[in-house]
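First the structure, in the form of structure tokens, and then the observations on it.
Residue numbers (this note's numbering), protein chains in the order written: chain A, 1 to 488; chain B, 489 to 976; chain C, 977 to 1464; chain D, 1465 to 1952.
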């Protein structure tokens, strides 16, 4: 049966070979190590929700292949409603954890996009990638897997193609094609949710031409596959996570990014879904970003909802009425609803691929990416404005000081304001701080690609000549008015 | 058969009793008077499109009642797809005319919202409003009517209810209920599309309580009904319309607003759909604004598309490459896509009323209204920035000067720049001017209600307490933290 | 004595040869013709203020040459305080007229910038331009002249230099150098304040190189000089000015732009201040725009002040308390104070030229130009938001309708709201309309040059390499990190 | 002689009694403890600059009292030029350290504002505060002291006055007035620069009325005065500071905030400058915030300059040309120049107090505060947008990982891009991260008070009624139009 529990999941994680490092040390158990236990807990809550009567409709669905109940994050997305449910799950997840869905998000999208792309590849080349993928999906549904997705290569010199790089490994590549599988080498950087994942999709990081066919690669591997080393990235605030103080414990959630180093890793054929079919890399990128950038509006809306909630709480903890900040709170809510509603619009305007996969509308999705890279920053700014100085500048003592036998009581006396206890005010300020300048800040700017990339897609998607013709027709201008020729 | 032609429409308009005035004079024929002929022409293009193979799918559909082909603007809206088609028609209409759809827009929405509201009223009171409405809809579909919709009352003192006003007429009211109909009195101001309409829906202008039941009124009347006088509003630029110069002729389109003065007008029962059922006025307003504010995003996107086109044209007419302004043009396109895509999102998140009518999602629709009251202003600003001084400050000679025998040739010599002829550059500048500071500026700020009203709806629609609870749960704060009590 | 009265000024204007046309007709008397009388009245108020004890300190000063009392707009600007007084005069002027200072602004700046530039030219070439200029300034101070300033040429193909144009006249040029003067030919377009001016400075429209020395030209000419024809530009709303209704009469002020056509105009040597010294054209442009763009912040602040006032008035006329809109009014005030205060900052950071003229700080002045091209648009948007539908969409009847014997009384009954009379509400709405979409909209986007030009100056003025070095030093990065070489 | 060296300063700091705690432990030596050594180093650079021929004009001046050369941060501010020099010192300081000037900023302002306020108090009450202050200033100039300034009280319940609080200590208060001095008790929170200061000004935290005269208190105390305990605040990223890695070492600078706990501290009379004269607390706040909020524009401009530099560096380290980001870099530069230039404008518009102190213009200063609370956030957003994913999400390994013997080399291979070495790219990314989400983020939102407080001052400073009268006059409206009366 495809529905797993928190305990099943933790057991599965513990069975994986330890291959994740942070601060120079091997993490023996991701479920207990302070560097990773928070993000694991955050993922556990998705398993909890799958069994919670109030949320199971959102977190589970039935497999289109077997009809059996599965976690929604292992399901096929074949209608705009499916995509919108994907959004709703992620917005709700953010509300419950304050953070990104990681390994119950990117792999899900990857599996569905590959479903469309393998369909096209098989059609042209007579390969059987889609069947391989289906077998893996059935397995993932059965096991209720959490799956990360890895696109971003190290890239090296940005002005050169992968095959032109001094070091061929700076983009993940097929080093050798064997009878029963392939050997891959290189790195994928900044991969969200790795530490909490059981498997990882390896996906093309760009649109490649013929000379770079060895980089046209898609497959899925266990997180602990032989030859893979993962280094967890660090962010400014994560040393605080290492401590067992109330300050460090809150919030008991989080997301981490991994750097994946592949040293001649063998991937068996049944896990390979693209192998040199370079011209489908741009198709993959196009479909993937459309869905990803449509749906990411739900994530930042969910985080925004928590910022709204934290701001209400903070106002009260400061002894002020919520009404004092009505205008700002409404502005925050509007920001949230723009990214969410626009994402839903991109889904509603999408089209179904012949394979069954549903692809969001390109120009609307990329427009949403630009909003996602802009509006949440204003929402964070407002959270800091409402929260006051103790939120903004982190102007709070450490928890060791707050509870210090010598002067802790004195400190607590001075941090009391309004109806909340000093400790609740302390915690509330830590939440707003965490959301705006700490570990809770989402990677909404470059996650899923840069806003300038999105602007480029909007540019390509806007029919400027057609719009100019409307203008000409309205004015009755018969004359052709072309772009002036380039001057030498 | 429900599909009418431009000629049918013009004939129908000419048959109406002249009851429209402007500049102190009666307009004998709205189809030829310079004050109204442009907006009539603009509406004619919807009839043209209904017969154009490239656009008939968008401008026509089949009646859910009769199965016969009808103009889409007479159709029922019973699914999110129907609402999105409404949006698409209006965006396309803007592209072709540069202006608002007027009488093929508001009446359409009114008919569908009343369909839901009469369903509820009939259910409670055993009235037969819905049947009356259905009969009228069948008639409107058969005749292919253009129908305006009138909500805004004169209102008088904003701090008083209708029944408390010194003059009871400042809100349109039921003066007398007769056996076979009602007598109404008062005014509706700023009614879009009146001059091009054949009929007008009269609708509640606010949410009324018991004491104001005489103001709870919905009906539909011919535009030339006995006792109704219409005064056309004037805007700063419309005296230019009165001239028959090339300058005035472009664009040969436009929208106008009417002020409706009702002096004891008798409306027969079969045209009355609400008569005193005050508690349904707030229902009406809620449903109406949800759909209106979702869909208006398409209108301003369409106007934005024309501004994009005009800007490309203007750049070239100035002798500059489109590329010079890529960033600004992409920003404009993003603005357009936000209001359109967010509106589509509001439609996709909507729900079907038991009556069959489809109602867009409230909070998303009102969020879109705030975008609509903001983003197009930035798009206009960019149109002026790209266009240069001749667009912004209207720094062009009049057409009389441009063609003056004495110095016209000299002027034309100096207005030539780049590849376009002086005349094309002149016309292009007039278009950007018209779109940004002339007759083409849409009423996107207050049309369909004020943005502050929309912000209020976002406020009511945002579950602040629920969001605060998410924040508390994330932090493990058990303590209740209420709003501080009001100090005396 | 240098102080003239309104009557002196009107008399002087009437003495000028009629050479201004609009709508194809010669304007015999600019002081009475409806197309120009409003802007003349607006200039008259500066003469009034010069004699008003409350304002004479602002509108007059003592000549640095003669010590005699003169109109401030004829004075030398030789300190940051002088520049700030220039700003204060213009902000105050806007408050009193709602519009641009026109011919008491640009000529004033031109005279002072030429003072610096002629000083440099004389130094290099041994010419006596500065002495000529001084003589003219003494004359202007004595006569209390209003003086326009003309930079913008017709330009033709923007990708070609003046001397490369198919038609050499598309930039104003020296056609012939005679013993006692020069003959000039060409056009200057969009010249603010021409109709109310007595004289006009003709100034270089760009930075020219050697091949274009015939375009390096500065002089001052009477507005009615032989061979000069002026065509008044038209804007969408100005036909309303032609009517003598209450609607048209308000506001009894305004600004107009003229198109200047020079057909072999002879300018005597004593009025010529640059004649071929091409390399000083870029100096002129640099100094001129620095002062102009610093000080223009005062103009838009002044117009913003009137928009604030109109919004307060409109709220009340609508029957609402000012408090309803506190946040928006404060935002408007902030916008005003940013452009004003930043302009003052540019003045305070300026430097005195060896000639005595004071030049504002370049990067701050151009930064202010970008603000001026942005913030007033938001202020206008807020004016429309506060004003309500009757402001935004011009949804008011014409004055002919408002006073129509048949239905005017009925209209007035319906336009009464709150404490104001219907007529005051009507007038107030017309003011907000005029300020935001009518004749009162200032040319703040391109007046004094385009914002993209200003951005270019900010780019040149920002020491990017120096700032990068600060970053390197902070991080202790020794390595040089240059821009990557261009790929072929 | 008043000019001290870095060594003098460090020696002086080491002589102070250890009374600062962090993470529950006493800091024995602020100059070497990792929690405080960075901010001390940052202050050392001001002493270095005072002796650097390139910068000594900016960092030193002559005492108006003794004529001797002193550090500028101990000088009197008696003209707009003095205030602008204050701004220039702080902008330059930010460029050299990437952070806030702390104890060479707030105390400086406090001393000058108290100069004005004591002048007024002495005038009314015949006290000799100003003489006391002068003696202390002479001492501070002689010793070249670094001086913090403390306004913010703990405050307790925001809806109650200090004397109404359950705990009288939640605002710093005079507990006892003795013959030779006063005993004070309470707390000051979030005090910038404490750890690097030698003395601290204690200043009124609000405008008090008669009942709160015991809270009307101004004095200056040594940082290590008996009875004072300081707790250093913690921010999310500061545990990284505790490590001695390249990651932690950069930048070798920073600012910290202290929480000051006063337990019956005796302050001798010669250090007391206000003691119960409650009505001068509002004067103090008004003058203080005017100067502080004018000048803070220089600080955020300086930090913005470093963000510009870091972005150029980051682009190149990523292998991209600076030109790729021209528009964004210019936008950043514009943001910087707005806050700087507007601050200069506020200084230039200021007035000299009869005491000699110069006070910036109120409304302009508070307008600048609103800009300071807004624009730097956009600059940070752009820094993250330009920097790419490795900046935004902190997606870099820790320095322990980056140099790990097992896989460090592999990591470095993958972090190489473009012309920069992997290590330089690593460091550059850490700088942008530090500036935007790490220890380098300035407290520009609430530092010096909240933006809503500033908006309130703009509201009070805007003459709404006067502006309304301009609007009325322009329209010739004679009628009075007051605010509608409040409805019951």
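For each residue, glycine too, the CB sits at the ideal point set by N, CA and C.
Please go through the same chain and pick out, in chain order, the residues whose beta-carbon is closer than 7 Å to the beta-carbon of residue 346/A, but skip the five residues on each side of it.
The residue labelled residue 346/A in the question sits at position 346 within the first chain. These residues qualify, in order along the chain: 294, 360, 361, 364, 365 and 368.
Which residue's Cα is closest to the Cα of residue 1202/C: 1195/C, 1309/C, 1242/C and 1398/C?
To locate residue 1202/C, count along the third chain from 1; it is residue 226. When 1195/C, 1309/C, 1242/C and 1398/C are compared, the shortest CA-CA separation from residue 1202/C is found for 1242/C.
If we call anything under 7 Å between Cβ atoms a contact, is residue 58/A one with residue 86/A?
The sequence position of residue 58/A within the first chain is 58, counting from 1. The sequence position of residue 86/A within the first chain is 86, counting from 1. Not a contact, by the Cβ cut-off of 7 Å.
Any beta carbon from chain D within less than 7 Å of residue 173/A's own beta carbon?
As a working mapping, residue 173/A is identified with position 173 in the first chain. No, residue 173/A lies away from the interface with chain D (no Cβ there is under 7 Å from its Cβ).
Taking the beta strand (DSSP E) that residue 1151/C falls in, what are its first and last residues?
Here residue 1151/C refers to the residue found at position 175 of the third chain. Start and end: 1149-1153.
Use the C-beta contact count for residue 503/B: other C-beta atoms within 10 angstroms, 16 or more gives buried, fewer gives exposed.
To locate residue 503/B, count along the second chain from 1; it is residue 15. Flag for residue 503/B reads exposed.
Leaving aside the five residues before and after residue 769/B along the sequence, list all residues of the same chain whose C-beta is less than 6 Å from its C-beta, in chain order.
Position 281 of the second chain, counted from the start, is the residue given in the question as residue 769/B. In chain order, 692, 695, 696 and 704 place their CB closer than 6 Å to the CB of residue 769/B, counting only its own chain and leaving out the 5 sequence neighbours on each side.
Nearest to residue 1130/C by CA position, among 873/B, 603/B, 913/B and 634/B, is which residue?
Reading the third chain from its first residue, position 154 is the one you call residue 1130/C. Nearest C-alpha to residue 1130/C: 913/B.
Since residue 1491/D is in the alpha helix (DSSP H), which residue starts that stretch and which ends it?
In the fourth chain, residue 1491/D corresponds to position 27, counting from 1. It is not in any alpha helix (DSSP H) - residue 1491/D carries neither H nor E in the DSSP assignment.
Burial state of residue 1042/C, where buried means 16 or more other Cβ atoms lie within 10 Å:
Position 66 of the third chain, counted from the first residue, corresponds to residue 1042/C. Residue 1042/C should be labelled exposed.
With a threshold of 7 Å between beta carbons, is residue 1428/C in contact with chain D?
Sequence index remark: in the third chain, residue 1428/C carries index 452 (1-based). Not a single CB atom of chain D sits nearer than 7 Å to the CB of residue 1428/C.
Nearest neighbour of residue 1273/C, chosen from 1311/C, 1293/C, 1247/C and 1291/C [CA to CA]:
Within the third chain, numbered from 1, the residue matching residue 1273/C stands at position 297. Selection 1311/C, 1293/C, 1247/C and 1291/C evaluated against residue 1273/C yields 1311/C as nearest (Cα-Cα).
Contact check, residue 1562/D vs residue 1848/D under 8 Å by CB: the rounded distance?
On the fourth chain, residue 1562/D is found 98 positions in, with the first residue counted as 1. On the fourth chain, residue 1848/D is found 384 positions in, with the first residue counted as 1. Taking 8 Å as the upper bound for CB-CB distance, residue 1562/D and residue 1848/D are not in contact here, some 16 Å apart.
At least one CB of chain D closer than 7 Å to the CB of residue 1227/C: is that the case?
For the purposes of this step, residue 1227/C is identified with residue 251 of the third chain, where counting begins at 1. Closer than 7 Å: yes.
Residues in the stretch 418-438 of chain A having any Cβ partner in chain B nearer than 7 Å
Of all residues in the stretch 418-438 of chain A, 418, 419, 420, 421, 424, 427, 428 and 431 have a Cβ within less than 7 Å of some Cβ in chain B.
Going by the beta-carbon positions, is the gap between residue 1326/C and residue 1056/C smaller than 7 Å?
Residue numbering aside, residue 1326/C sits at position 350 when the third chain is read from its first letter. Residue numbering aside, residue 1056/C sits at position 80 when the third chain is read from its first letter. Their beta carbons are under 7 Å apart, which means residue 1326/C touches residue 1056/C by this criterion.
If you measure beta-carbon to beta-carbon, which residues of the stretch 308-340 of chain A are closer than 8 Å to chain D?
Of all residues in the stretch 308-340 of chain A, those with a C-beta nearer than 8 Å to a C-beta of chain D are 318, 319 and 320, reading in chain order.
Does DSSP put residue 1281/C in a helix, in a strand, or in coil?
To locate residue 1281/C, count along the third chain from 1; it is residue 305. For residue 1281/C, the three-state secondary structure derived from DSSP is helix.
Out of curiosity, what's the CA-to-CA distance linking residue 1854/D and residue 1900/D?
What you label residue 1854/D is simply residue 390 of the fourth chain in a count that begins at 1. What you label residue 1900/D is simply residue 436 of the fourth chain in a count that begins at 1. Residue 1854/D and residue 1900/D: Cα-Cα distance of roughly 12 Å.
DSSP on residue 1453/C, reduced to helix/strand/coil?
Walking along the third chain from the start, residue 1453/C turns up at place 477. Correct three-state label for residue 1453/C: coil.
Taking the continuous beta strand (DSSP E) assigned at residue 1088/C, which residues delimit it?
Locating residue 1088/C in the third chain gives position 112, counting from the first residue. Here residue 1088/C belongs to no beta strand (DSSP E); instead the alpha helix (DSSP H) covers 1082-1101.
Roughly how many whole angstroms lie between the Cα atoms of residue 218/A and residue 1909/D?
Within the first chain, the letter at position 218 stands for residue 218/A. Within the fourth chain, the letter at position 445 stands for residue 1909/D. Roughly 46 Å between the two C-alpha positions.
Sorted by chain position, which residues of the same chain lie with C-beta nearer than 7 Å to residue 28/A's C-beta, five sequence neighbours on each side aside?
For the purposes of this step, residue 28/A is taken as the residue at position 28 of the first chain. Closer than 7 Å at Cβ, skipping near neighbours: 18.
Residue 114/A to residue 123/A, Cα distance in whole Å?
By one-based count along the first chain, residue 114/A stands at place 114. By one-based count along the first chain, residue 123/A stands at place 123. Rounded to the nearest angstrom, the two C-alpha atoms are 14 Å apart.
Output, in sequence order along the chain, the residues in the stretch 563-582 of chain B whose CB is closer than 8 Å to any CB in chain A.
For chain A, the residues of the stretch 563-582 of chain B that bring a beta carbon within less than 8 Å of one of its beta carbons are 568 and 572, in chain order.
Apart from the five residues just before and just after residue 1875/D, which ones in its own chain have a Cβ nearer than 6 Å to its Cβ?
Along the fourth chain, one-based indexing puts residue 1875/D at 411. 1861 and 1866, listed in sequence order.
Hey, out of 371/A, 228/A and 478/A, whose CA is closest to residue 829/B's CA?
Your numbering for residue 829/B matches position 341 in the second chain. If we check each option's Cα against that of residue 829/B, 371/A comes out closest.
Cβ-Cβ distance between residue 1786/D and residue 1776/D below 7 Å:
Your numbering for residue 1786/D matches position 322 in the fourth chain. Your numbering for residue 1776/D matches position 312 in the fourth chain. Yes, the pair counts as a contact, with Cβ atoms nearer than the cut-off.
Inspect the CB distances between the stretch 1632-1639 of chain D and the stretch 1647-1658 of chain D and report whether three or more fall short of 8 Å.
Yes, the stretch 1632-1639 of chain D is in contact with the stretch 1647-1658 of chain D.
Should the stretch 132-146 of chain A be regarded as contacting the stretch 69-78 of chain A, the criterion being three or more beta carbon pairs within less than 8 Å?
The stretch 132-146 of chain A, when compared against the stretch 69-78 of chain A, does touch it at the 8 Å Cβ threshold.
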